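The structure under discussion appears below in the form of structure tokens.
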Amino acid sequence: MSVVKIDNLHKSFGDLEVLKGIDLEVKKGEVICLIGASGSGKSTLLRCLNLLEEPDAGVVNFEGNILTEPGVNLNKLRTKMGMVFQSFNLFNNMNVLKNCSVGQMKVLKRSKAEAEKIAEKILIEVGLGDFIFSPARVLSGGQKQRVAIARALAMNPDIMLFDEPTSSLDPEMVGEVLDVMKKLANQGMTMIVVTHEMSFAKEVADRVVFMDQGVILEIGKPEEIFANPKEERTKEFLNRIL
Amino acid sequence: MPDSLWGGVWYDIITYWPLFLEGIKNTLLISLTGTVIGFTLSLVIAPMRLLKSTSRDSLLLKIVKKIVRILSTIYVEVLRGTPMIVQAMIIYYTIGRIHPALSWSSPIQCGIFVVSINTAAYISEILRGSIQAIDPGQTEAARSIGMTSTQTMIYVVLPQAIKNSIPAIGNEFVINIKDTSVLMVIAVTELFFSARSVAGIHYRTEEAYIVAAIAYLFMTFTATRVLYWLGKKLDPPVAKAKTKKKLKKLVRRV
Ligand SMILES: Nc1ncnc2c1ncn2[C@@H]1O[C@H](COP(=O)(O)OP(=O)(O)OP(=O)(O)O)[C@@H](O)[C@H]1O
Ligand SMILES: [Mg+2]
Numbered sequence: 000m001s002v003v004k005i006d007n008l009h010k011s012f013g014d015l016e017v018l019k020g021i022d023l024e025v026k027k028g029e030v031i032c033l034i035g036a037s038g039s040g041k042s043t044l045l046r047c048l049n050l051l052e053e054p055d056a057g058v059v060n061f062e063g064n065i066l067t068e069p070g071v072n073l074n075k076l077r078t079k080m081g082m083v084f085q086s087f088n089l090f091n092n093m094n095v096l097k098n099c100s101v102g103q104m105k106v107l108k109r110s111k112a113e114a115e116k117i118a119e120k121i122l123i124e125v126g127l128g129d130f131i132f133s134p135a136r137v138l139s140g141g142q143k144q145r146v147a148i149a150r151a152l153a154m155n156p157d158i159m160l161f162d163e164p165t166s167s168l169d170p171e172m173v174g175e176v177l178d179v180m181k182k183l184a185n186q187g188m189t190m191i192v193v194t195h196e197m198s199f200a201k202e203v204a205d206r207v208v209f210m211d212q213g214v215i216l217e218i219g220k221p222e223e224i225f226a227n228p229k230e231e232r233t234k235e236f237l238n239r240i241l
Numbered sequence: 000m001p002d003s004l005w006g007g008v009w010y011d012i013i014t015y016w017p018l019f020l021e022g023i024k025n026t027l028l029i030s031l032t033g034t035v036i037g038f039t040l041s042l043v044i045a046p047m048r049l050l051k052s053t054s055r056d057s058l059l060l061k062i063v064k065k066i067v068r069i070l071s072t073i074y075v076e077v078l079r080g081t082p083m084i085v086q087a088m089i090i091y092y093t094i095g096r097i098h099p100a101l102s103w104s105s106p107i108q109c110g111i112f113v114v115s116i117n118t119a120a121y122i123s124e125i126l127r128g129s130i131q132a133i134d135p136g137q138t139e140a141a142r143s144i145g146m147t148s149t150q151t152m153i154y155v156v157l158p159q160a161i162k163n164s165i166p167a168i169g170n171e172f173v174i175n176i177k178d179t180s181v182l183m184v185i186a187v188t189e190l191f192f193s194a195r196s197v198a199g200i201h202y203r204t205e206e207a208y209i210v211a212a213i214a215y216l217f218m219t220f221t222a223t224r225v226l227y228w229l230g231k232k233l234d235p236p237v238a239k240a241k242t243k244k245k246l247k248k249l250v251r252r253v
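In order, the protein sequences belong to chains A and B.
Reading the first sequence from the start, the letters are residues 0 to 241 in numbering that gives the first Met the number 0.
Reading the second sequence from the start, the letters are residues 0 to 253 in numbering that gives the first Met the number 0.
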């Protein structure tokens with residue numbers, strides 16, 4: 000069963016064509032790692048999935064809902080697609096608990112008590128039980144990113160989209176965030192992860208997608224892609240990064 | 000009344016202090032309520048000016064948003080582009096001509112109205128700048144968990160924009176303390192009006208206005224200090240926040 004199915008997705012910024020016809024199907028429970036050079040369109044693809052970026056053409060089908068069609072209840076469907084950003088984007092005016100409960104209360108209409116109970120449970124799971132009343136801004140990068148993951152999880156998503164979640168972290172904090180993501184993957188969460196952490200991709204990904212200049216050039220199991228890539232550009236990219 | 004300047008000033012203070020006090024009271028009343036009401040209005044006007052249409056909006060919604068944008072822009076431009084003293088005259092004398100039931104019950108009421116709508120225009124511009132300065136990532140994060148654009152504005156963007164605008168909003172209050180003096184033209188008994196009345200009693204102008212100047216300075220200086228102190232309280236350093244966290248945890252355990 001597929002959670003997300005995209006067909007022939009196109010996106011341009013002015014004259015710059017960033018996505019040149021992307022097809023991808025993500026099955027339930029699957030972990031997809033999206034790799035590729037800077038500017039190849041990875042973030043744009045991810046942002047087109049939850050319509051933070053409006054595609055110019057093509058279809059995004061999420062659990063049977065055509066997101067690219069007018070009239071869908073986008074806000075309701077977005078709660079089912081958690082997104083984690085490279086720069087955390089925690090709500091600066093709220094503490095950790097509020098960051099993870101405000102969406103539940105305002106969007107899912109859960110009561111304050113229920114929302115906070117759920118938020119607290121998830122925060123403990125990601126190892127932040129001691130920080131629920133801290134203002135977001137006093138946390139370390141790794142802690143912030145774990146809060147961001149908890150915030151998305153609190154909405155009970157069916158898929159999690161990660162856009163380079165560890166790229167702006169100090170090296171010693173990368174592990175704590177990747178551990179949370181591994182745990183999530185093991186629990187069966189469907190995930191699309193844009194990452195430069197190749198060891199994570201090797202270990203966790205069911206499939207690795209290599210993007211190059213707005214197209215998916217190669218797609219396959221991590222062992223295939225990393226051990227013997229078929230495309231010359233994939234080889235070049237992996238040589239550069241590994 | 001003594002002949003010397005400072006003797007005259009002292010004489011005015013001890014003799015006519017109730018008049019000056021009445022002026023000070025009204026000046027503070029008008030500038031404070033005017034700032035509060037103006038600020039409240041600006042919370043609506045600033046987002047109105049920033050309404051954006053998306054490709055998902057229906058044609059009707061796009062048109063409505065455009066009209067709202069145009070109207071709020073006109074509001075701000077007209078109020079910022081004309082002197083308050085002129086607005087006060089027009090509003091005080093013409094509103095009753097639109098409909099008799101609309102006439103002002105007192106000059107002060109009209110004064111508060113004029114200061115409020117002016118302050119709304121100025122603060123909405125301050126807020127608009129602050130809203131635009133908020134990291135777009137905040138909005139994206141809010142939208143990504145399903146918040147509507149209105150919810151995003153109310154719960155995420157505006158609180159941060161307001162906080163960043165507090166010094167500038169405080170400054171508007173200080174400006175209002177001084178600028179309410181123009182309401183003298185519609186016979187509001189604020190401080191300038193009091194000074195003018197006192198000056199007329201003995202035909203000694205300078206003394207009365209020196210008293211007024213001292214009173215204005217006292218009010219603006221105090222307001223500036225209080226606002227500075229409030230600003231510090233609202234923005235506790237990290238260390239303080241941590242203590243607060245510990246305290247709260249303690250309270251929860253007990
Ligand atoms: N909002 C935008 N307006 C204009 N150009 C954009 C916008 N967003 C992205 N681009 C351009 O689109 C191209 C692809 O960007 P994208 O962020 O998708 O790449 P990426 O693969 O995520 O790269 P990176 O690894 O650096 O994050 C880049 O050339 C970028 O400059
Ligand atoms: Mg990117």
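Built from N, CA and C at the ideal position, the CB exists for glycine as well.
Every value quoted in this text rests on a predicted model; they were computed, and no experiment measured them.
So, for A/F90: in the same chain, excluding its five sequence neighbours on each side, which residues have a beta-carbon less than 6 Å away from its beta-carbon?
Excluding positions up to five away in sequence, the list reads N98.
Using the beta-carbon count (16 or more within 10 Å), is B/V113 buried or exposed?
buried
With 8 Å as the limit, tell me which residues of the region 151-182 of chain B have their beta carbon closer than that to any beta carbon of chain A; keep them in chain order.
Y154, V155, P158, Q159 and K162
Along the chain, where does the alpha helix (DSSP H) that runs through A/K108 open and close?
Where A/K108 is concerned, there is no enclosing alpha helix (DSSP H), given that its DSSP letter is neither H nor E.
Any beta carbon of chain A sitting closer than 8 Å to that of B/R195?
Closer than 8 Å to the CB of B/R195 there is not a single CB belonging to chain A.
Which one of A/Q212, A/G81, A/S139 and A/G63 has the shortest CA to CA distance from A/V173?
Residue A/S139 is the option with its Cα nearest to A/V173.
Considering only C-alpha positions, which residue in the set B/G145, B/A198, B/H98 and B/I176 is nearest to B/Y215?
B/I176
Indicate the three-state DSSP secondary structure (helix, strand or coil) for B/N175 in the structure shown.
Looking at B/N175 - three-state DSSP - the assignment turns out to be helix.
Going by the DSSP bridge assignment, what does A/D22 pair with across the sheet?
DSSP output for A/D22 lists no bridge partner at all.
I want to verify the contact list: residues of chain B whose CB lies under 8 Å from the CB of A/E62, in sequence order.
Near A/E62 there are no residues of chain B at all, since even the closest Cβ is about 15 Å away, more than 8 Å.
Check the DSSP bridge columns for A/V189 and list the partner residues they point to.
Checking the sequence shown, residue 189 of chain A turns out to be Thr, not Val. Paired residues: A/I158.
Please write down, chain order preserved, every residue whose beta carbon lies under 5 Å from a heavy atom of ligand 1.
Listed along the chain, these residues meet the criterion: A/F12, A/V17, A/S37, A/G38, A/S39, A/G40, A/K41, A/S42 and A/T43.
Since A/A56 sits in a beta bridge, which residues does DSSP pair it with?
A/H9
Return helix, strand or coil for A/F87, following the three-state DSSP convention.
coil
Roughly how many whole angstroms lie between the Cα atoms of B/T138 and B/W5?
It is roughly 59 Å from the alpha-carbon of B/T138 to the alpha-carbon of B/W5.
Pick helix, strand or coil for A/K4, following the three-state DSSP scheme.
Correct three-state label for A/K4: strand.
Is A/L216 helix, strand or coil by DSSP?
Of the three classes helix, strand and coil, the one that applies to A/L216 here is strand, per DSSP.
Is any heavy atom of ligand 2 found at a distance shorter than 7 Å from the C-beta of A/D162?
Flag set: Cβ of A/D162 near ligand 2.
Using a Cβ-Cβ cut-off of 8 Å (strictly less than) and excluding sequence neighbours within five positions of A/I131, which residues of its own chain qualify?
Counting only residues of its own chain and dropping the five nearest sequence neighbours on each side, A/I131 has a CB closer than 8 Å to the CB of N94, V95, L96, A118, E119 and L122.
Strictly under 8 Å for the Cβ-Cβ distance: is B/S71 near chain A by that measure?
Answer no: the Cβ-Cβ gap between B/S71 and chain A never drops below 8 Å.
Would you mind telling me which residues of chain B sit closer than 7 Å to A/E53, beta carbon to beta carbon, in chain order?
S54
Along chain B, which residues have their Cβ under 9 Å away from the Cβ of A/F84?
G136, E139, A140 and S143
Does A/F209 come out as helix, strand or coil in the three-state DSSP assignment?
strand
Does any residue of chain A have a CB that is nearer than 8 Å to the CB of B/T147?
With 8 Å as the cut-off, B/T147 counts as an interface residue toward chain A.
Please report whether the beta-carbon of B/V253 lies at a distance below 8 Å from any beta-carbon of chain A.
Low confidence applies to B/V253: its pLDDT is 45, below 50, so where it sits in the model is not reliable enough to give any reading.
Per the contact definition of three or more C-beta pairs closer than 8 Å, is the region 100-116 of chain A in contact with the region 53-63 of chain A?
no
Using the DSSP secondary-structure output, state which residues sit across from B/V225 in a beta bridge.
In DSSP, B/V225 forms no bridge with anything.
Whether or not the region 93-113 of chain B and the region 23-43 of chain B are in contact is what I'm after, with contact meaning three or more pairs of Cβ atoms, one per stretch, closer than 8 Å; do they touch?
Segments in contact, yes.
Could you please give me the residues that DSSP links to A/E222 through a beta bridge?
BP columns for A/E222 are empty, so no partner.
Between the alpha carbons of A/L8 and A/Q142, how many angstroms are there, rounded?
Using only the alpha carbons, I get a separation of about 35 Å.
Within this structure, are the beta carbons of B/W103 and B/I89 separated by less than 8 Å?
no
Taking 8 Å as the CB-CB limit, is A/N155 close to chain B?
no
What's the C-alpha gap between B/V253 and A/I215?
Residue confidence is low: B/V253 scores 45 on pLDDT, short of 50, so the model does not pin down where it sits. Its coordinate-derived value is still stated next. Taking the straight line joining both Cα atoms gives about 57 Å.
Mind pulling the chain B residues with CB within less than 8 Å of A/A151?
S143 and I144
Secondary structure at A/P170, three-state DSSP: helix, strand or coil?
helix
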